[in-house]
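Worksheet: the structure to be examined is printed underneath.
In the numbering used here, the protein residues as written are 65 to 222.
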């Protein structure tokens, strides 16, 4: 009888470990990210007017593999600023099918109140990354990006 109880305890422990692994795996897979150029970035999503106005303002730093993606309800001339920023950014504009349409590199906090806009193309998303990522990860105008869990779809390509 004791051997049978011990066997069931092992099965229960194994089941709990598998469940915990599955929860962690699902959480990792559902985390928003952007794959662009040679880089993969965990991103926060700014999809409301308030979140887009706040953006990364007030933060002291951003890890090299992190960023923020601004999701706008409609395509348009999306303009960005560096209000209350403490570090420079690379800013990347994406159209509604996730192609890079404009890039501003190494935009410094001192540029505020200047606004940066994609001059010749409408954008549906704007991606902010730590300065230097565009050059380091070969991100260029005309290249596609993969958005994972940024909208209601998981990962998709165009």
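Beta carbons: idealized from backbone N, C-alpha and C, even for Gly.
No Cβ-Cβ contact shorter than 7 Å links residue 146 with residue 128. Here the region 159-167 does not lie against the region 119-135, with fewer than 3 beta-carbon pairs under 8 Å apart.
With fewer than three CB-CB distances shorter than 8 Å, the region 178-186 does not count as touching the region 194-204. With respect to residue 200, residue 158 sits apart: the two C-beta atoms are not nearer than 7 Å.
Around the beta carbon of residue 202, fewer than 16 other beta carbons lie within 10 angstroms, which makes this residue exposed. A distance of 7 Å or more separates the beta carbons of residue 144 and residue 108. Each of 130, 189 and 207 was checked against the Cα of residue 140, and the nearest Cα belongs to 189. The beta carbon of residue 142 lies closer than 6 Å to those of 136, 187 and 190 in the same chain, with the five residues before and after it left out. As DSSP reads the structure, residue 168 sits in a beta bridge with 155.
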